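Below is one structure, written out as C-alpha cells; the observations come after it.
In UniProt numbering, the protein residues as written are 1 to 603.
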C-alpha cells in the first residue's frame with residue numbers, strides 16, 4: 001500500500017528544503033517568499049493526495065512508487081503569482097493529452113520532420129544494443145575478462161583479482177533493496193561521459209562542454225577541485241579536449257567506466273603511486289583487447305539465453321518495413337557466427353529472410369571512409385571466407401568487409417528522388433549521389449561513433465536507439481521526482497519574481513543573501529533528482545542545470561529517437577513524424593495539448 005511519505009527519508013531535510021529564507025527589511029519581497037513557501041508545502045500535499053487516491057488501483061503492480069502516465073499528467077500545478085488560488089487544477093479530461101501519452105515509453109520521438117513513406121532504404125548499421133540487447137551478465141563478463149587481462153598483460157597487482165572487484169551497476173549506490181527500474185537506471189550513466197586521460201576522472205559534460213560532475217575513483221570531485229583543474233571555468237579549450245577527454249560512447253562503456261573507477265580507487269585506498277594517464281591507457285586497452293580477442297563473443301554465442309534479452313517485437317517491425325517495399329540492410333562489425341547466434345535467439349532461424357543485404361565483420365569506420373575494400377562472401381555453414389570475387393550482393397547470402405562505394409554499385413542503389421539537372425552536371429547516378437539522401441534511414445545506438453557522420457557526411461535520416469528514454473519516463477512518474485521537479489520550477493519562478501520586485505537598484509548584501517539561499521535550495525532539489533536516478537552522474541539528458549552534451553548531440557544529429565527498435569511497431573511504415581517546436585526564452589509558450597482539445601472531432 002502507498003503511504004504518505006515525504007520526498008526524502010529524512011523529514012528534517014524535507015522541512016529545510018521547503019522552508020524559504022526571508023528578507024530582513026523588504027516586506028514586498030517577503031510576500032513572494034511566503035507565497036512560494038506555502039505553494040511548495042501545498043504541492044507536496046497535492047501530489048501525495050493524488051497517490052493516495054490512486055493507490056488501490058496500483059496494488060499488486062510490484063512498485064508502489066510508480067504513478068501512471070495519465071495520473072502524472074493530471075498533476076499540473078498552477079503557481080501563477082497573480083492567482084488567488086495557488087492550485088487551480090482543471091478537472092476535465094484532456095483527450096489529446098491522453099492520445100499523446102498512450103504507450104509513451106515505447107513512442108518514437110522526433111527532432112525534425114520525417115516522412116517514413118519516402119524512406120526507401122533502412123540500414124541497421126549496429127547489431128549490439130540496436131537489434132539485440134544484453135543482460136547485465138555480459139557487462140560482468142567483460143569487466144572480469146578485462147581485469148584479468150590488466151593483471152596478466154600489464155602486470156597490475158595480482159591482489160586486484162582477489163580484492164573483490166566486480167562490475168557494479170550501481171557504481172556508488174550500495175542498496176540491496178532497490179526496484180528493478182532503479183537497477184536499470186544505474187546502468188545508464190556512461191552515455192555522455194568522458195574519462196580525463198590526465199587525471200583519471202570520469203566526467204559528465206554539459207552541451208557547452210563544461211564538466212558538471214566528476215568522479216575520481218568512487219569519490220565525487222569537489223567543486224573547488226573542478227574549478228582549479230579546469231581553468232576556473234570547469235571546461236577545456238577545444239584543442240585540449242581532444243587530447244585529454246576520451247568519450248565513453250556506448251553501453252559497453254559501462255564496464256569500462258566501472259573498471260576505471262575501481263582501478264583508481266584501488267590505488268588510492270592503498271596509497272599506491274600511479275600515473276593516471278598510464279592507468280587510463282591500460283584500462284582502455286584491456287577493454288579493447290577483450291573485444292578484439294573475440295573471447296567474450298564465444299562465451300555469449302555458447303549461452304545466448306544467458307546473455308541476450310528477448311526482443312518480442314523486432315520480427316514484427318522488420319516484417320512491416322519489408323512488406324512496405326523498403327530495402328533492409330544489415331551491417332555489423334561482429335563476425336557472422338556471433339550475429340547468427342544472437343539473431344537466431346531473438347528472431348528465429350529464418351532471420352535472414354527479411355534482409356536484402358547482410359554484411360558482417362564490416363570493419364567500420366573504414367567501411368564508410370575507404371573506397372578500395374572489396375566484399376567477400378562468408379560460408380554460412382563453416383563461417384569461412386570464400387576466395388571468389390563478389391560481383392553482386394544476393395539475398396540470403398552473407399558478406400564480409402567491403403565498403404559503402406562497393407555496396408552502392410553491387411545493389412544498384414538509386415534514390416527515387418528526382419532532381420532537375422543542368423546538362424553540365426554529372427550524371428545523377430554518380431557513385432555518391434544515391435546515398436547522400438534523406439531517403440536512407442540509418443538506425444543505430446552509437447551516437448558519436450556512427451550517427452553523427454551518417455547525418456553530417458551523407459545527409460541520411462538518422463534514428464537513435466536510446467534505452468534511457470523509456471526508463472527516465474518511468475522515473476518521472478514517481479511521486480518524489482514529480483515533487484522535486486515542481487519544486488525546482490517554483491523556486492526558479494520565485495527567484496525571477498523576487499528580482500522583479502527588487503527592481504533595478506543595486507543589490508544590498510541582504511538581497512544577495514536571500515538569492516544565494518534560494519539557489520542553494522534549488523541545488524538540493526536537483527541533488528534529490530540525481531539520488532532518485534540511482535547513479536552518481538544524474539540524468540543522461542541533463543548536466544545539472546543544462547542539457548547534457550549527449551542530449552544536445554541527440555537533438556542536433558538524430559531525426560528520431562526511441563527506447564528500442566520495437567517502438568516502431570506502433571507506427572505505419574508511411575507515418576509522418578512532426579517535431580515539437582523548440583522555443584527560445586523570449587518566445588511564447590502557450591501552445592499545449594489542452595489548447596487544441598476544442599478543435600478535435602469527438603465521436
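For glycine and all other residues, C-beta sits at the position ideal for the given N, C-alpha and C. In this text the structure is predicted, and so the values were computed from the model without any measurement.
Nearest to residue i (by Cα), restricted to the options the options
| i | options | result |
| --- | --- | --- |
| residue 455 | 340, 231, 194 and 556 | 556 |
| residue 14 | 44, 192 and 162 | 44 |
| residue 108 | 582, 585, 575 and 583 | 575 |
| residue 18 | 40, 26 and 29 | 40 |
| residue 450 | 332, 357 and 371 | 332 |
| residue 351 | 264, 520, 221 and 132 | 132 |
| residue 408 | 313, 121 and 294 | 121 |
| residue 562 | 492, 463, 483 and 384 | 463 |
| residue 254 | 334, 136, 218 and 302 | 136 |
| residue 206 | 292, 197 and 546 | 546 |
| residue 28 | 564, 471, 313 and 503 | 503 |
| residue 130 | 314, 266 and 203 | 314 |
Beta-bridge pairing of residue i - partner residues as DSSP gives them
| i | result |
| --- | --- |
| residue 375 | 401 |
| residue 203 | 194 and 214 |
| residue 443 | 124 and 463 |
| residue 562 | 108 and 465 |
| residue 548 | 206 |
| residue 220 | 215 |
| residue 577 | 114 |
Contact test: residue i Cβ vs the ligand HEM heavy atom, cutoff 7 Å
| i | result |
| --- | --- |
| residue 233 | Inclusion of the ligand HEM in the displayed structure is not the case, the ligand content being empty and no account of it being possible. |
C-alpha gap between residue i and residue j, whole angstroms
| i | j | result |
| --- | --- | --- |
| residue 411 | residue 393 | 6 Å |
| residue 605 | residue 369 | Because the chain spans 1 through 603 in this model, residue 605 falls outside it and cannot be assessed. |
| residue 311 | residue 473 | 20 Å |
| residue 36 | residue 516 | 16 Å |
| residue 605 | residue 344 | The structure shown does not extend to residue 605, since the chain is modelled only from 1 to 603, so the question has no answer here. |
| residue 195 | residue 543 | 16 Å |
| residue 159 | residue 308 | 32 Å |
| residue 295 | residue 288 | 11 Å |
| residue 9 | residue 569 | With a pLDDT of only 45 at residue 9, under the threshold of 50, the placement of this residue in the model should not be trusted, and no figure is reported. |
| residue 475 | residue 469 | 10 Å |
| residue 298 | residue 524 | 47 Å |
| residue 155 | residue 201 | 22 Å |
| residue 142 | residue 257 | 12 Å |
First through last residue of the alpha helix (DSSP H) which encompasses residue i
| i | result |
| --- | --- |
| residue 469 | 468 to 475 |
| residue 327 | No alpha helix (DSSP H) holds residue 327; the beta strand (DSSP E) holding it covers 327 to 331. |
| residue 131 | Looking at the DSSP string, residue 131 is not in any alpha helix (DSSP H), and its letter there is neither H nor E. |
| residue 449 | Here residue 449 belongs to no alpha helix (DSSP H), and DSSP marks it neither H nor E. |
| residue 541 | Careful: residue 541 lies outside any alpha helix (DSSP H) and carries neither H nor E. |
| residue 285 | 276 to 293 |
| residue 338 | 336 to 346 |
| residue 493 | 479 to 502 |
| residue 143 | 136 to 154 |
| residue 315 | 314 to 323 |
| residue 521 | 509 to 533 |
| residue 304 | 304 to 307 |
| residue 606 | Shown here, the chain extends from 1 to 603; a query on residue 606 therefore has no answer. |
| residue 354 | From DSSP, residue 354 is part of no alpha helix (DSSP H); its letter is neither H nor E. |
| residue 264 | 253 to 269 |
| residue 368 | 366 to 369 |
Buried or exposed by the 16-neighbour rule on C-beta atoms within 10 Å, applied to residue i
| i | result |
| --- | --- |
| residue 578 | exposed |
| residue 166 | exposed |
| residue 381 | exposed |
| residue 425 | Residue placement at residue 425 cannot be trusted, given a pLDDT of 45 that sits under 50; the coordinates are not used to answer. |
| residue 366 | exposed |
| residue 520 | exposed |
| residue 272 | exposed |
| residue 149 | buried |
| residue 354 | buried |
| residue 318 | buried |
| residue 587 | exposed |
| residue 227 | exposed |
| residue 396 | exposed |
| residue 261 | buried |
| residue 342 | buried |
| residue 478 | buried |
| residue 339 | buried |
| residue 240 | exposed |
| residue 219 | exposed |
| residue 406 | buried |
Where the beta strand (DSSP E) through residue i begins and ends
| i | result |
| --- | --- |
| residue 160 | Taken as a continuous stretch (DSSP letters only), residue 160 belongs to no beta strand (DSSP E), as it is neither H nor E. |
| residue 246 | 245 to 248 |
| residue 359 | 357 to 360 |
Neighbour flag for residue i against chain C, beta carbons, 8 Å
| i | result |
| --- | --- |
| residue 27 | In summary, chain C is missing from the structure at hand, where a single protein chain is found. |
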